[in-house]
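Let me begin by presenting the structure, written as structure tokens, before commenting on it.
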Amino acid sequence: MIITIDGPAAAGKGTFCNYLAKKYRLAYFDTGMVYRAVGLQMVLTGCDLKDQAKAAEFARTLTFPKMMELAAHKDFRSDVGSNAASVVSAYPDVRAALLKMQQDFALNPVFADGSPAKGVVYDGRDTGTVVCPNADLKLFVSASTEIRAQRRYEEFLSKGIATTYEKVLQDMKARDERDSNRSAAPLKPADDAVIIDTSAKDVEVNMQKIIPLVEAVLQNLTIEK
Ligand code: DC
Numbered sequence: 000m001i002i003t004i005d006g007p008a009a010a011g012k013g014t015f016c017n018y019l020a021k022k023y024r025l026a027y028f029d030t031g032m033v034y035r036a037v038g039l040q041m042v043l044t045g046c047d048l049k050d051q052a053k054a055a056e057f058a059r060t061l062t063f064p065k066m067m068e069l070a071a072h073k074d075f076r077s078d079v080g081s082n083a084a085s086v087v088s089a090y091p092d093v094r095a096a097l098l099k100m101q102q103d104f105a106l107n108p109v110f111a112d113g114s115p116a117k118g119v120v121y122d123g124r125d126t127g128t129v130v131c132p133n134a135d136l137k138l139f140v141s142a143s144t145e146i147r148a149q150r151r152y153e154e155f156l157s158k159g160i161a162t163t164y165e166k167v168l169q170d171m172k173a174r175d176e177r178d179s180n181r182s183a184a185p186l187k188p189a190d191d192a193v194i195i196d197t198s199a200k201d202v203e204v205n206m207q208k209i210i211p212l213v214e215a216v217l218q219n220l221t222i223e224k
């Protein structure tokens, strides 16, 4: 079973993915990590983020172990890492180079400890439109920019990262703008995605909406066998 969950930053994709991965024993692929890895490599090696050829070279040579090594860096999820990821993710050559790695994961999904999983839940921006257009279930999760900025701001505070709500809101607007208006795989729902607005609802209410959709997919997959 392949489930894709796309949407803008801090919309709640991670919460949905973690919940579904646990409940249905699916591997979880957070595809933002591949772009964060390339972006952070650019930053750490002092490359100009505008250098598309260099970013594409890092993308072509990225491996899972390298990505996990970079994920341990303090700036992997900071605003520095987020901004770099958003910039390099707009480059068509970077996206093309990282596509196979993301698609191949569904052929042989594994948990973090390497044991095999029965399927995968993807978290990203284009996983329902580009990475897995044939996914069994596609969700598009969103919420207002202000609510997403507030969530991200609280997350930063809880991690002891010094910032202000205004700065987080400004960064989020800039990132949304770049992710939605780039020519290569812009952030948008797949035509067959189910749209979930997480602005007001609590997590449990949203999960109760999604579970019947997943159960229907599982039933169809069993019948097809
Ligand atoms: O989900 P995230 O915040 O970790 O993603 C970081 C950046 O990577 C985001 O600004 C856009 C990009 N991204 C993308 O273009 N396509 C994806 N499937 C996932 C992330």
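The sequence shown: position 219 = 218 (numbering that gives the first Met the number 0), numbered continuously.
Note that the Cβ used here is the ideal one computed from N, Cα and C, for glycine as well.
Would you decide whether R76 is buried or exposed? Buried here means 16 or more other CB atoms lie within 10 Å of its CB.
Translated into the one-based positions of the sequence shown, residue 76 becomes position 77. Answer is buried; the Cβ neighbour count reaches 16.
Taking the Cβ atom as the reference point for each residue, do D92 and V42 lie within a distance shorter than 9 angstroms?
Taking the first residue of the sequence shown as 1, we reach residue 92 at position 93. Taking the first residue of the sequence shown as 1, we reach residue 42 at position 43. Not a contact, by the Cβ cut-off of 9 angstroms.
Compute the beta-carbon to beta-carbon distance between A183 and R94, rounded to the nearest angstrom, for a pair I have assumed lies under 8 angstroms.
The residue given as residue 183 occupies position 184 in the sequence shown. The residue given as residue 94 occupies position 95 in the sequence shown. At roughly 5 angstroms, the Cβ-Cβ gap stays under 8 angstroms, so A183 and R94 are in contact.
To the nearest angstrom, report how far apart Q51 and V87 are at their CA atoms.
Here residue 51 refers to the residue found at position 52 when the sequence shown is read from its first residue. Here residue 87 refers to the residue found at position 88 when the sequence shown is read from its first residue. Their backbone Cα atoms lie some 7 angstroms apart in a straight line.
Could you compute how far the alpha carbon of D178 sits from the alpha carbon of S85?
In the sequence shown, the residue the question calls residue 178 occupies position 179. In the sequence shown, the residue the question calls residue 85 occupies position 86. The alpha-carbon atoms of D178 and S85 are separated by roughly 7 angstroms.
Enumerate in chain order the residues of its own chain whose CB-to-CB distance from A26 is below 8 angstroms, with the five nearest sequence positions on each side excluded.
Here the question's residue 26 lines up with position 27 in the sequence shown. The residues are A20, F104, P108, V109, F110, A116, G118, V119 and V120.
Below 8 angstroms, is the gap between the Cβ of D170 and the nearest heavy atom of the ligand DC?
As a position in the sequence shown, residue 170 is number 171, starting the count at 1. Every heavy atom of the ligand DC is 8 angstroms or more from the Cβ of D170, so no.
I want to see whether chain C comes within less than 9 angstroms of V120, judged by CB atoms only; does it?
No chain C appears in the structure shown, which is made up of a single protein chain.
Using the three-state DSSP reduction, which class does S141 fall into: helix, strand or coil?
Position 142 of the sequence shown, counted from the first residue, corresponds to residue 141. Strand.
When the Cα of T144 is compared with those of E165, Q218 and F57, which residue comes out closest?
The residue labelled residue 144 in the question sits at position 145 within the sequence shown. Of the candidates E165, Q218 and F57, the one whose C-alpha sits nearest the C-alpha of T144 is E165.
Between the Cα of D202 and the Cα atoms of Q102, K12 and A148, which residue gives the shortest distance?
Within the sequence shown, numbered from 1, the residue matching residue 202 stands at position 203. Checking the displayed sequence, the identity of residue 202 turns out to be Val instead of Asp. Ranking Q102, K12 and A148 by Cα distance to V202 puts K12 first.
Quick check on the DSSP output: the beta strand (DSSP E) that includes T3 runs from which residue to which?
Here the question's residue 3 lines up with position 4 in the sequence shown. Start and end: I1 to D5.
In whole angstroms, what separates the C-alpha of N205 from that of E214?
In the sequence shown, counting from the first residue as 1, residue 205 sits at position 206. In the sequence shown, counting from the first residue as 1, residue 214 sits at position 215. Their Cα atoms are separated by approximately 15 angstroms.
Taking only runs of the alpha helix (DSSP H) that begin and end inside the stretch 113–201, which ones reach a length of at least 4 residues, in chain order?
Entirely contained in the stretch 113–201, the alpha helix (DSSP H) runs reaching 4 residues are, in chain order, 144–157 and 164–180.
Using C-beta distances below 7 angstroms, list every residue in its chain close to A54, excluding the 5 sequence neighbours before and after it, in chain order.
As a working note, residue 54 is residue 55 in the sequence shown. Only V37, M41, V87, Y90 and V93 meet the Cβ criterion.
Taking 8 angstroms as the cut-off, is the CB of A36 close to at least one heavy atom of the ligand DC?
As a working note, residue 36 is residue 37 in the sequence shown. Not under cutoff, so the answer is no.
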